[in-house]
Structures are given as structure tokens and as C-alpha cells.
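Engineer: Let me begin by handing over the structure; questions about it come next.
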Amino acid sequence: MSDQRARVVFLVRVPVPRTEQFLAAYEEVRHLVADGVPGHVVDQVCRSSTDPEQWLITSEWASLADFEAWERTPEHRDLVRPMRECFTDARSLRFHIHAQTPAFAAG
């Protein structure tokens, strides 16, 4: 289904000395994507609680086609290059979202 929401997951390793460089590059990507890439919903960067070099980057998209269209652009490659230069290992996974719990409502 091309209109099914999607989650893209990157499991990456960043040496501790490159952490600040990685996070600065992520901030650049995050703000530019959030400000106008069609189909982008939300993203997160998470650090392992047991391994300071293991990171998880997730992003939610209106559809996998939206992410793939963005990924194919020269702007995408240029924008993520500084972040990717921090990785010693990276794995990318793509998922269609099939179900979700209701959003938490603070009371």
C-alpha cells in the first residue's frame, strides 16, 4: 500500500570522540527535514543505555514512497553526508506501520 505510513530505522555506531559532531550533524538534518520534506512526520535519535557508541535513528513517514523520494535527491545525500561520516557501521531497515496505540494524553 503506497499510502500506508512507514517507519525507517537506522542502527548506527558512532565512536565516542565523534558524538558531538554526529549530534550537530543530526540537528542540521532534523530541522531541515522537519521544515519541509513532503511526507515526513517525526524522527528521533536514541542512544543505547548499555553501549555509548550504539545509536538508533527512527523516522516516521506518511508513506515509504515519500521517504524513498527524499532519499533519492542530491539534497538528501549532501545533507546527511556529515552525519554519515561519523558512522563506523550502519544498518537501515524500512517498515510499514500496521498498528499503533493511541497517543498519550497528559492529564
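Quick note: the sequence shown uses the numbering used here, first residue 1377, plus one each step. The beta carbon of each residue, even a glycine, is placed where N, CA and C say it ideally should be. Computed from a predicted structure; not experimentally measured.
Would you check if the distance between the CB atom of Ala1382 and the CB atom of Trp1446 is smaller than 8 Å?
Structural biologist: Within the sequence shown, numbered from 1, the residue matching residue 1382 stands at position 6. Within the sequence shown, numbered from 1, the residue matching residue 1446 stands at position 70. Not closer than 8 Å, so no.
Engineer: What beta strand (DSSP E) runs, 3 residues minimum, are completely inside the stretch 1436-1475?
Structural biologist: 1465-1472
Engineer: What residues are listed by DSSP as bridge partners for Thr1434?
Structural biologist: Locating residue 1434 in the sequence shown gives position 58, counting from the first residue. According to DSSP, Thr1434 bridges with Val1385, Gln1420.
Engineer: For a cutoff of 8 Å on Cβ pairs, would you count Val1409 as touching chain B?
Structural biologist: The chain inventory of the structure shown lacks chain B, comprising one protein chain alone.
Engineer: In angstroms, rounded to a whole number, what distance separates the CA positions of Thr1395 and Thr1449?
Structural biologist: For the purposes of this step, residue 1395 is taken as residue 19 along the sequence shown, with counting starting at 1. For the purposes of this step, residue 1449 is taken as residue 73 along the sequence shown, with counting starting at 1. Cα to Cα, the separation comes out at about 26 Å.
Engineer: Enumerate in chain order the residues of its own chain whose CB-to-CB distance from Gln1420 is below 6 Å, with the five nearest sequence positions on each side excluded.
Structural biologist: Taking the sequence shown and counting its residues from 1, one reaches residue 1420 at position 44. A distance below 6 Å between beta-carbons, with the five flanking residues on each side excluded, links Gln1420 to the following residues of its chain, in chain order: Thr1434.
Engineer: To the nearest angstrom, report how far apart Arg1460 and Arg1423 are at their CA atoms.
Structural biologist: Here the question's residue 1460 lines up with position 84 in the sequence shown. Here the question's residue 1423 lines up with position 47 in the sequence shown. Taking the CA atoms as reference points, Arg1460 sits about 16 Å from Arg1423.
Engineer: Could you check whether Pro1391 and Thr1464 sit closer than 8 Å to each other, using their CB atoms as the reference points?
Structural biologist: To locate residue 1464, count along the sequence shown from 1; it is residue 88. To locate residue 1391, count along the sequence shown from 1; it is residue 15. Contact: yes.
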